[in-house]
Each structure stands twice: as C-alpha cells, then as structure tokens.
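Chemist: Pasting in a structure now, in structure tokens, and then I'll have a few things to ask.
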Amino acid sequence: MTTATALDIKVADEVWIATALLHREHPDQADFSVAEIMNRVRQEGLTETLRAGVQPHIYLHCVANLPPNPSRKRMLFETSKGRRRLFRKGDTYHPDRERGDIVPDFQRLPAEYAPLLDWYSEWSSDQIRKSLREDPLLGLRGSGKQIWADEHADEYIRRLREGWL
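If you count by our numbering, then the sequence shown holds residues 5 to 169, one letter each, in order.
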C-alpha cells in the first residue's frame, strides 16, 4: 500500500488535516476561524509555500452546507460566518454535495497523518452521541411513560374519548 508524500497532497486534504489537528489540539473549541485554519495549514508546511487554493477551499470548496462551486466535498461545516469545523455524519449539507468526500483518501495521505482518520472516526461518533444527549427535544424521550403505567394504550385512548360525539 502506497501513501502520498507531502508534495503530492491535494489542497482539500491539506485543509482537512489542518482542521483535524486544530480540533485534536483544542478539544474545548467547537469551531475555528478561517484565519486559524489558514495559519495551521501554513504551520504544518505540507507544501513549500501556502498555495493560492487553500483559502477558497476553506471558504467554499470543502464546505458541506454551501452550494458546490465546483467541488462537492463535505469536509468542513460552516457554523457561522467565517467559522468552520470538521463535517460529521448527521450534519446538514447542500443536496448537490451528496456523496462528496468527507475525509481524505487514506492512500493519498502522508503516512504521518493517517492516524487522523481513526481519530476523526472516534471524534465524530463522540460528537454525535454528545449532541443527542444535549438535544432538548431528544432529552424528552421517555418522559411521558408514566401516562401509560397503569393502563393499556387502547384503554387510555378509549377513556380520553368518553363523552365525544
């Protein structure tokens, strides 16, 4: 199995790596500014110079909840104007980005970044579980079970309808 070198890396993958590293290094932060992601790309130095395509990828090409132009990637999610985080399953996205890449292809990643894919899988699953626990509507699950505690559902409905025309 061959993995890419830093010189072969796609701009979108470079953006994903930088954003993943920011999330891993700052687990208390929900999202990052475009400038923070750009700085992390620059700091990582995967290419000799910061490529011109990095900023458009952060602003548009990799952003799942924006119309594709032209890329259909779903690597980032716009949380508010100028703020991004990694996309995770369950996030909304523009319908024309269906089946767009969410993570880099393992074979196209420089070997030292391959463990980020496992980290992302766990991070994304943890974030989904956390959002389910914190969702106010989902938090109501099971709260009405005492209504049915003493009688069968059909009996309860029949009792409620007594006196109706």
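From the three backbone atoms N, C-alpha and C, an ideal C-beta is built for every residue, glycine too.
Does the pairing of the segment 116-124 with the segment 80-88 give three or more beta-carbon distances under 8 Å?
Modeler: In short, these stretches do not touch, since the Cβ pair count stays below three.
Chemist: Can D35 and R89 be called in contact, C-beta distance under 9 Å?
Modeler: Taking 9 Å as the Cβ cut-off, D35 and R89 qualify as a contacting pair.
Chemist: Apply the 10 Å Cβ neighbour rule to S147 and answer buried if 16 or more other Cβ atoms are within range, or exposed otherwise.
Modeler: That one is exposed.
Chemist: Pick out whichever of D130, E29, Q59 and I161 has its Cα sitting closest to the Cα of R87.
Modeler: When only C-alpha atoms are compared, the closest one is Q59.
Chemist: According to DSSP, is D74 helix, strand or coil?
Modeler: Residue identity differs from the one stated: residue 74 is Pro in this sequence, not Asp. In this structure, P74 counts as coil in the three-state DSSP scheme.
Chemist: Applying the criterion that 16 or more other CB atoms from any shown protein chain within 10 Å of the CB defines a buried residue, is Y160 buried or exposed?
Modeler: Y160 is exposed by the Cβ-count criterion.
Chemist: Inspect the beta-carbon positions of L70 and H98 and report whether they are closer than 9 Å.
Modeler: In contact: L70 and H98 (Cβ atoms closer than 9 Å).
Chemist: Which same chain residues end up closer than 6 Å to N73 when comparing Cβ atoms and leaving out the 5 residues on each side of it in sequence?
Modeler: Around N73: L64.
Chemist: Which stretch, first to last residue, makes up the beta strand (DSSP E) that contains R89?
Modeler: Looking at the DSSP string, the run of the beta strand (DSSP E) that includes R89 is R87 to L90.
Chemist: Candidates R44, A39, G49 and D17: which alpha carbon is nearest L26's?
Modeler: Cα-wise, what sits closest to L26 is R44.
Chemist: Just confirm the distance between the C-beta atoms of D105 and M79, as a whole number of angstroms; I'd bet it's less than 8 Å.
Modeler: About 7 Å separates the two Cβ atoms, so the contact holds.
Chemist: Please report the straight-line C-alpha distance between T6 and D100, rounded to a whole angstrom.
Modeler: A caution first: T6 carries a pLDDT of 46, below 50, which makes its placement in the model too unreliable to give a value.
Chemist: Would you identify the three-state DSSP class for E155, choosing helix, strand or coil?
Modeler: The answer is coil: DSSP assigns E155 none of H, G, I, E or B.
Chemist: Could you give the first and the last residue of the continuous alpha helix (DSSP H) run that contains E48?
Modeler: From DSSP, the alpha helix (DSSP H) with E48 extends over V38 to E48.
Chemist: Identify which residue in R28, P31 and V38 has its Cα closest to the Cα of V67.
Modeler: Answer by Cα proximity: V38.
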